[in-house]
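S.K.: This is the structure, below, for whatever I ask next.
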Amino acid sequence: MTDSSPRVIATDLDGTIVRSDGTISERTVAALARVERAGATLVMVTGRPPRWMKQIAEAVDHHGVAICANGAVLYDLHTETVLRTEEIPPPVIAETVGRLRSVAPELRFAVEHPDGFVFEKSYLLGRWDAKALGGRAVDFAELVGRSGTKLLAFDPEADPDVLSEKATAAVGDLVTVTHSSGRGLLEMSAPSVTKASALAALCTERGLTSDAVVAFGDMPNDLPMLTWAGTSYGVANAHPLVLAAVTHKTSRNDEDGVAEVLERLFP
714 MTDSSPRVIA TDLDGTIVRS DGTISERTVA ALARVERAGA TLVMVTGRPP
764 RWMKQIAEAV DHHGVAICAN GAVLYDLHTE TVLRTEEIPP PVIAETVGRL
814 RSVAPELRFA VEHPDGFVFE KSYLLGRWDA KALGGRAVDF AELVGRSGTK
864 LLAFDPEADP DVLSEKATAA VGDLVTVTHS SGRGLLEMSA PSVTKASALA
914 ALCTERGLTS DAVVAFGDMP NDLPMLTWAG TSYGVANAHP LVLAAVTHKT
964 SRNDEDGVAE VLERLFP
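Just remember that my numbering sits 713 ahead of the position in the sequence shown, which is counted from 1.
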């Protein structure tokens, strides 16, 4: 590494290095491996919970560390273990659900835990959740009875940007609200917990500042990280808010845009 080389590469997964077919290309895997070989720190920063990370750990040959659940979980990809969590307390989950029901009655809720997730019986499971180990339907008392790393609220008919604005106005004093897909799925973390807060803490532990970080992303949940990092890239398929916020742009996820940049940074 040279004095000008980045010390940390932080990248989102879905829509950024994960292709539309759910795979990570051989080119991207090889580019990610260059980061650690060069002595830099590789951080996968994702909205995914730990239960979705086994496939990623195997795909990248267990390189790097992961920040999961939009900053609420630090996860070691080498050993596939949770290192630490920041969780929403049960009373806050209950209050948040109550407020959101009053402004958007169509919402259905689920709660992520470090070791699995629970959901209302009426919650519409996606393809990942339907296959996930540990997920189970519960009543309201159990849903809000345990602290969680992420509270999910889903209305398949809602526009995610509009829904996020409405939810932030209703519960922004209780939780951090964001979204990461084209569906009406809200993702809520404990106050001030974001991809940026977790990445900043990790860098501080290593004696590094934001200037040493190059970050990649595609959706609104990436914005805190992208605006915090010294250098930021949005893939060409990114949300308009992301493309307006980043310092640089690269090719689409399906065209290995992140690998394209890493090959230049770590020749």
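Positions of the beta carbon are idealized from the N, C-alpha and C atoms, including for glycine.
1. Which runs of the alpha helix (DSSP H) spanning at least 4 residues fall entirely within the region 910-979, listed in chain order?
2. Does the region 817-824 come within contact of the region 927-945, defined as at least 3 CB pairs closer than 8 angstroms?
3. Determine the burial state of Phe-902: buried for a count of at least 16 other Cβ atoms within 10 Å of its Cβ, exposed for fewer.
4. Within 10 angstroms of the Cβ of Leu-796, are there 16 or more other Cβ atoms? Answer buried if so, exposed if not.
5. If distances are taken between C-alpha atoms only, which option among Leu-898, Val-748, Ala-751 and Val-786 comes closest to Met-932?
6. Examine the Cβ distances between the region 874-881 and the region 757-765 and report whether three or more of them are shorter than 8 angstroms.
7. Using the beta-carbon count (16 or more within 10 Å), is Ala-764 buried or exposed?
8. Identify, in the order they occur along the chain, each residue of the same chain with its Cβ nearer than 6 angstroms to the Cβ of His-1034, setting aside the five sequence neighbours on each side.
9. Taking only the alpha-carbon atoms, compute the straight-line gap between Gly-728 and Val-831 and give it to the nearest angstrom.
10. Of all the beta strand (DSSP E) runs that stay within the bounds of the region 728-763, which reach a length of 3 or more residues?
11. For my contact list, Leu-745 and Val-773 are in at a C-beta cut-off of 8 angstroms; report their separation, rounded to the angstrom.
12. Hey, Val-824 and Leu-787 are a contact pair by Cβ (cut 8 angstroms); roughly how many whole angstroms apart?
13. Out of curiosity, what's the CA-to-CA distance linking Cys-916 and Thr-741?
14. When the Cα atoms are used, what is the spatial distance from Arg-977 to Val-888?
15. If Val-731 and Asn-966 are in contact, beta carbons under 8 angstroms, what's the gap, nearest whole angstrom?
16. Which word fits Trp-863, buried or exposed, when buried means at least 16 other C-beta atoms lie within 10 angstroms of its C-beta?
17. Confirm the yes/no value for this check: CB of Lys-962, any heavy atom of the ligand PLP, distance under 7 angstroms.
18. Closer than 6 angstroms by C-beta to Ala-909: which residues in its own chain qualify, once you throw out the five before and the five after it? Chain order, please.
19. DSSP has Phe-822 in a bridge; who is on the other side?
20. What separation, rounded to the nearest whole angstrom, lies between the Cα atoms of Val-926 and Ala-854?
21. Along the alpha helix (DSSP H) that carries Gly-811, what are the first and last residues, could you check?
22. What is the rounded straight-line gap between the Cα of Pro-804 and the Cα of Phe-867?
23. For Pro-747, which residues of its own chain have a beta-carbon under 7 angstroms away from its beta-carbon, when the five flanking residues on both sides are left out?
24. Measure how close the beta-carbons of Arg-859 and Tyr-836 come, nearest whole angstrom, since I'm counting them as under 8 angstroms.
M.R.: Straight from the coordinates:
1. Whole alpha helix (DSSP H) segments, 4+ residues: 936-941, 953-958 and 970-978.
2. Contact fails: fewer than three Cβ-Cβ distances are below 8 angstroms.
3. A small fix is needed here, since residue 902 is Ser in this sequence, not Phe. Classification for Ser-902: buried.
4. It counts as exposed.
5. Of the candidates Leu-898, Val-748, Ala-751 and Val-786, the residue whose Cα lies closest to the Cα of Met-932 is Leu-898.
6. Because the criterion of three Cβ pairs below 8 angstroms is not met, the region 874-881 and the region 757-765 do not touch.
7. The sequence shown places Arg at residue 764, rather than the Ala named in the question. By the C-beta density criterion, Arg-764 is buried, having at least 16 other C-beta atoms within 10 angstroms.
8. One cannot answer for residue 1034 here, as it falls past the ends of the chain, which runs 714 to 980.
9. Taking the straight line from one Cα to the other gives about 26 angstroms.
10. Complete beta strand (DSSP E) runs here, min 3: 754-758.
11. In this structure Leu-745 touches Val-773 by the C-beta definition: roughly 5 angstroms separates them, less than 8 angstroms.
12. The beta-carbon distance between Val-824 and Leu-787, rounded to whole angstroms, is 19 angstroms. This is too long to meet the 8 angstroms contact definition.
13. Answer to the nearest angstrom: the Cα atoms are 23 angstroms apart.
14. Between the alpha carbons of Arg-977 and Val-888 lies a distance of about 39 angstroms.
15. A Cβ-Cβ distance of about 7 angstroms is found for the pair Val-731 and Asn-966, placing them in contact under the 8 angstroms criterion.
16. One detail in the question is off: residue 863 reads as Lys in this sequence, not Trp. With 16 or more other Cβ atoms inside 10 Å of its own Cβ, Lys-863 counts as buried.
17. Of ligands this structure carries none, so the ligand PLP is not represented either.
18. Result list for Ala-909: Pro-937, Met-938 and Trp-941, in chain order.
19. Ala-866, per the DSSP bridge assignment.
20. For Val-926 and Ala-854, the distance between alpha carbons rounds to 42 angstroms.
21. From DSSP, the alpha helix (DSSP H) with Gly-811 extends over 803-816.
22. Spanning the two alpha carbons is a distance of roughly 20 angstroms.
23. Looking at the sequence provided, one finds Arg at residue 747 rather than Pro. Contacts found: Leu-975 and Phe-979.
24. Rounded, the Cβ-Cβ distance is 16 angstroms, inconsistent with contact.
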